[in-house]
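What follows is a single structure, written as structure tokens, with notes after it.
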Amino acid sequence: MRGRGRVWTGILLLVAILASCQRSSRIPTEPDGIAPEITWPQAPQRARIRFVKTVARPQDLGIRPSFWHQVGDLFAGKSEDAFIRPTGVAARGSTIYVADPGAQALWILDGQAGRCRAVREAGKARLIAPVAVTVGGGDEVYVADSRLAKVLLYDSRGELKGTIADTRLNSPAGLAYDPRRDRLYVADSSAHGIWIFSGSGVLLGVIGRRGTGAGEFNFPTHLAVDREGGLYVTDALNFRIQIFSAEEQFTGQFGEHGDFSGKFAMPKGVASDSKGHIYVVEALFDALQIFDRQGRYLLTVGERGTGPGQFWLPNGVFIDARDRIYVADAYNRRIQILEYLPGGEDE
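FYI, the numbering for the sequence shown is 143 to 489, going by my numbering.
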């Protein structure tokens, strides 16, 4: 009985400590100063892109674990939730979805509702290498797992609703969804093609084969769909972006191998904003490059580093309906949020 009493005394002491920590965490602290705004390009030129914030863990969105969750984690020996190697990102409303193969998880973070979930289940299996994520036209969330060779369909709360698989699907690496035509595009790197599925997972066709010509690919990795249904493909080892119409017809391409602005050395994520600008992650030089509709280089955002607006081997990029830009800053273990600033005659 004495041993049991000491255990309960210890538990009560830990509860008291955690409660004290919770109370103290609510005490506001005075900032040391207001950090200068980070924009690109720098003054005196008019800013086009503005840094908003960095998200590396749920707390960065104001999401706090409940009191009893903290107690459970303490006894289980768990450390604080945080991204490990995020490579894919998507957003809908106040919710951010992060594909994190380092954590073998899909993160769902809703800062407005104060909720966070790390999804690791994939039916009877578990996620192994969830490398890409995108959102559907309704409640759907699609996750590509390159090791399982499947695309998993979840709802917005992280409940598994289905699996998209085909014997010809080898290494799904990129995802994009067209809500107008209910088309889910899946970049299959090792098959050197883009599979076309319906939103429910019915295989409708394929784009491309291995090669260097128009509509051919050499390890395609990332995808995006613009507001008109146009499809953009990062054709990684051909060092270019290929563009297709909403009817999956080749319409153009831009890019070539090089180590200076406007060229590609290790192109990754691709996205498009409301004005049709095309954003391409350049991982080797830790930057985000922006082009116009014709593929003409406009601006470089970021540089190598660990501070705000700096990147270390960035990967995926996603732009939401409000022109907020989400970059999976993989080796800095975070998502960086930027925004496009509209206005001006030359847009």
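Glycine is no exception: its CB is placed at the ideal position from the N, C-alpha and C atoms.
Beta bridge counterpart(s) of residue i as assigned by DSSP
i    : result
E424 : P409 and A429
W182 : I191
F453 : R446
V257 : It is worth fixing the name first, because residue 257 is Arg in this sequence and not Val. In DSSP, R257 forms a bridge with D252.
R268 : E263
F339 : L326 and L345
F460 : Y468
L440 : L440 pairs with nothing; no bridge assigned.
I238 : A233 and L251
Buried or exposed (CB count within 10 angstroms, at least 16 for buried), residue i
i    : result
D401 : exposed
I383 : buried
S387 : exposed
H399 : exposed
E389 : exposed
Q122 : The question about residue 122 has no answer here: the residues shown for the chain are numbered 143 through 489.
L203 : buried
D242 : buried
L317 : buried
A329 : buried
Q431 : buried
Y482 : buried
I349 : buried
I250 : buried
S340 : exposed
E370 : exposed
I226 : exposed
T393 : exposed
Q478 : buried
V240 : buried
T309 : exposed
G279 : exposed
D281 : exposed
K292 : buried
S342 : exposed
DSSP state of residue i mapped onto helix, strand, coil
i    : result
L311 : coil
Q201 : helix
L290 : coil
A470 : strand
H211 : With a pLDDT of 45 at H211, under the threshold of 50, the modelled position of that residue is not reliable, and the figure given next carries that caveat. Here H211 sits in helix by DSSP.
E263 : strand
V231 : strand
F361 : coil
S348 : One detail in the question is off: residue 348 reads as Val in this sequence, not Ser. V348 falls in the strand class under three-state DSSP.
Q478 : strand
K303 : strand
P243 : coil
P173 : Per-residue confidence for P173 stands at a pLDDT of 45, beneath the threshold of 50, marking its modelled position as unreliable; no derived number is given.
S332 : coil
T276 : strand
S414 : strand
T354 : coil
R325 : strand
G316 : strand
L483 : coil
S166 : Here S166 scores only 35 on pLDDT, less than 50, and its place in the model should not be relied on; the value that follows carries that caveat. The answer is helix: DSSP assigns S166 an H, G or I state.
- Taking the runs of the alpha helix (DSSP H) that are 4 residues or longer, which of them lie wholly in the stretch 363-405? none
- Message: Count Cβ pairs between the stretch 352-365 and the stretch 408-420 that sit closer than 8 Å; are there 3 or more?
- Response: yes
- Inter-stretch contact (C-beta, 8 Å, three-pair minimum) for the stretch 228-236 and the stretch 186-194: no
- For the stretch 179-186 against the stretch 459-477, are there 3 or more C-beta pairs whose distance is under 8 Å? no
- Message: I'd like to know if the stretch 320-340 and the stretch 297-305 are in contact, where contact means that at least 3 CB-CB pairs between them fall below 8 Å.
- Response: no
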